[in-house]
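Residues 782 to 1016 (the working numbering) are what the sequence shown spells out, left to right.
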Amino acid sequence: MTEIAVVEDNPQDAALLETHLSRYREATGTPLAVTLFSDGAALLEPYTPRWDLILLDIQMAQMDGMETARRIRRQDEEVILVFVTSMAQYAVEGYRVNALDYLLKPVTYPQIKLSMDRVMALLRRNERRSILLPQDDRQVKVSVPDILYAEVQNHELSVVTLSETYRLRATLNDLERRLEGANFARCNRHYLVNLRNVTAVGRDSVTVGGYELPFSRPMRKPFLQAYAAYLGVEL
782 MTEIAVVEDN
792 PQDAALLETH
802 LSRYREATGT
812 PLAVTLFSDG
822 AALLEPYTPR
832 WDLILLDIQM
842 AQMDGMETAR
852 RIRRQDEEVI
862 LVFVTSMAQY
872 AVEGYRVNAL
882 DYLLKPVTYP
892 QIKLSMDRVM
902 ALLRRNERRS
912 ILLPQDDRQV
922 KVSVPDILYA
932 EVQNHELSVV
942 TLSETYRLRA
952 TLNDLERRLE
962 GANFARCNRH
972 YLVNLRNVTA
982 VGRDSVTVGG
992 YELPFSRPMR
1002 KPFLQAYAAY
1012 LGVEL
């Protein structure tokens, strides 16, 4: 499901964008979930990095789109931003916050279709898949490709990434379901390994990101089969 936020203070313009997105969903079969916000401040209070795409009006009464985008980028470098405005002179400033596209009002369906095709192609190419992990009173967006492995010990789940480790109350089964289709496999019942980050496979262990994780006897063969399938080779 592609999560889209539409930030627009003009109800007619917001309704038009929602109509165009619904038409795109029906025409392409792309699962889209659209949420409307009437102002940048409404999106930011508090901001949750759950969005794949934000369609952002620039001229708004309370907090303008450029300021909203700058604040978003302090918390979320991955979300795709597409500006919607009636004034083309903002285009250069939009690139400073790494906006993907710029739509001029009144937005037509062909404009939305072209922009959405670019968005969906980028999401597929990057396989940007991120997951939200609960940390204290907030949700932290973690890039799936950056995960090295997950470990459960004493009912505490640790998710080890390239840069840091996140600890949360969850089960390894829950995480495994959330990562289905993202090339993860268990080397034993305590560890779930990201196959893209495996650097060595030995007789009794697998190495990922400098960490050596032990195999269990019943899980070694299924793990090797999954790794071979990931690499596109035969055992």
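Backbone N, C-alpha and C define an ideal beta-carbon position, used for all residues, glycine too.
- Under the three-pair Cβ rule at 8 Å, the region 970-982 counts as touching the region 923-934.
- Residue environment: LEU1012 is assigned as exposed (fewer than 16 neighbouring CB atoms within 10 Å of its CB, all protein chains considered).
- For GLN934, the enclosing beta strand (DSSP E) has its first and last residue at 928-934.
- Residue environment for GLU789: buried (at least 16 other C-beta atoms within 10 angstroms of its C-beta).
- For TYR828, no alpha helix (DSSP H) segment is defined, and its DSSP state is neither H nor E.
- Pairing ASP838 with VAL815 gives a Cβ-Cβ distance that is not under 7 Å.
- Judged by their CB atoms, LYS922 and PRO830 are nearer to each other than the 7 Å cut-off.
- Taking the Cα positions, ARG806 is about 10 Å away from GLU799.
- Short of 7 Å from the beta carbon of MET841, and not among the five residues preceding or following it, lie these beta carbons of its own chain, in chain order: ASP790, ASP820 and GLY821.
- At the C-beta level, ILE785 and LEU813 come within 7 Å of one another.
- Rounded to whole angstroms, VAL925 and ILE912 show a C-alpha spacing of 7 Å.
- For ASP955, the enclosing alpha helix (DSSP H) begins and ends at 953-959.
- Here VAL888 is not near ALA850, since their CB atoms are 7 Å or more apart.
- Bounds of the alpha helix (DSSP H) holding LYS1002 are 998-1012.
- Three or more beta-carbon pairs separated by less than 8 Å link the region 852-868 to the region 896-905, which places the two stretches in contact.
- Beta-bridge partners assigned by DSSP to GLN916: ARG919.
- GLU937 is a Cβ neighbour of ARG948, given a cutoff of 7 Å.
- Sequence-distant partners of ALA963 (beyond 5 residues in either direction) whose C-beta falls short of 7 Å from its own C-beta, in its chain, are ARG910 and VAL925.
- Around LEU881, the same chain offers ILE861 and VAL863 as residues with beta carbons nearer than 6 Å, after the five sequence neighbours per side are excluded.
- The beta carbon of ALA795 sits closer than 7 Å to the beta carbons of VAL787, GLU789 and LEU817 from its chain, once the five residues preceding and following it are set aside; these are given in chain order.
- Counted as a single uninterrupted DSSP element, the alpha helix (DSSP H) harbouring PRO792 occupies residues 792-809.
- Closest in alpha carbon position to ASP955, among GLU945, SER939 and THR946, is SER939.
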